[in-house]
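Encoded as structure tokens, the structure appears first; notes follow it.
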Amino acid sequence: MSNKAAVCIGLALFGGVATLPFWLPGARRPMPQPVLKAGLTECVESAEYMRANHMLLLDAWRNSVVREGNRRYVNAAGKPFEKSLERTCLDCHSNKAEFCDRCHQSVAVQPYCWNCHFAPGELRPAAAAMAGSPALRIAATGLSSPGGAADGR
Ligand code: HEC
Ligand code: HEC
Ligand code: HEC
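Read in my numbering, the sequence shown has 127 at position 70, and its numbers run on one by one without any break.
Here it is, written out as structure tokens:
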């Protein structure tokens, strides 16, 4: 066998092993199965829609709350929700670490929302002293009051 043939076989073997995770059965689902609170059945919109569009929905919610003071969202089925990251999304998805974070880690996304917004049970050192008040929370992060361009956009 020539050197060239040996190199080709070597490369083919290496290529096969290196790409194994991509062609094994089941490998086509890159996201982990996110953990949900027991007993819940429905999101604000369908799971498929949320999986693909939750970042756009959150962005739209934020803009309409901060710029227009509109906090009411009515979903495709006619059910109303408060447009709130903390009080709506994280009320159901209270296990942020196992739900949002786990999925984001798998795709290396790090939403900066948590610089200001709080996950359930989480308190910043500065805010811990004034625990409990949503208004003070925002004060503790040094932000202007709601209504202005408070989210920095
Ligand atoms: C009333 C409870 C509830 C609220 C409020 C809620 N969710 Fe959900 N969410 C669920 C449930 C239950 C599922 C799983 C639905 C299913 O599998 O059909 C889900 C699914 C999802 C998924 C898809 C997960 C996957 O497996 O691909 C994402 C992403 C998501 N939610 C994000 C959000 C965000 C962001 C918000 C706020 C805008 C939010 N959810 C508000 C209960 C909720
Ligand atoms: C099924 C997996 C999955 C779950 C669960 C999930 N996300 Fe995401 N999220 C993604 C992916 C993938 C992106 C990046 C999409 C892109 O870049 O287009 C993303 C992006 C985002 C972004 C935009 C970040 C940026 O920098 O642009 C926000 C905000 C966000 N997610 C919030 C949440 C919140 C809040 C939860 C939990 C309530 C959550 N996500 C749960 C997969 C998920
Ligand atoms: C610089 C601080 C800051 C950052 C970073 C930030 N926000 Fe906000 N956000 C605010 C403030 C302040 C408000 C206004 C609070 C109110 O009126 O209830 C707000 C309001 C919102 C609202 C509507 C009100 C509510 O209860 O949730 C949503 C939704 C929201 N932000 C989503 C996001 C998302 C998603 C990200 C990350 C992509 C993000 N925010 C990043 C400060 C921030």
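Heads up, the beta-carbon is just placed ideally off N, CA and C, and yes, glycines get one too.
query, result
"Which of helix, strand or coil DSSP assigns to Arg214", "The requested residue 214 does not occur in the structure, where the chain is confined to residues 58 to 210."
"beta-carbon Arg108 near ligand 2 non-hydrogen atom, thresh 7 Å", "yes"
"Distance between beta carbons of Phe138 and Val101, contact taken as under 8 Å", "5 Å"
"Spatial distance of Tyr169 from Ser141 (CA atoms)", "16 Å"
"CB-CB length for Met88 against Cys160, believed under 8 Å", "6 Å"
"As assigned by DSSP and simplified to three states, the class of Glu179", "coil"
"Which of helix, strand or coil DSSP assigns to Glu139", "strand"
"is_contact[Asn132, chain B] using C-beta, thresh 8 Å", "No chain B is part of this structure, which consists of one protein chain only."
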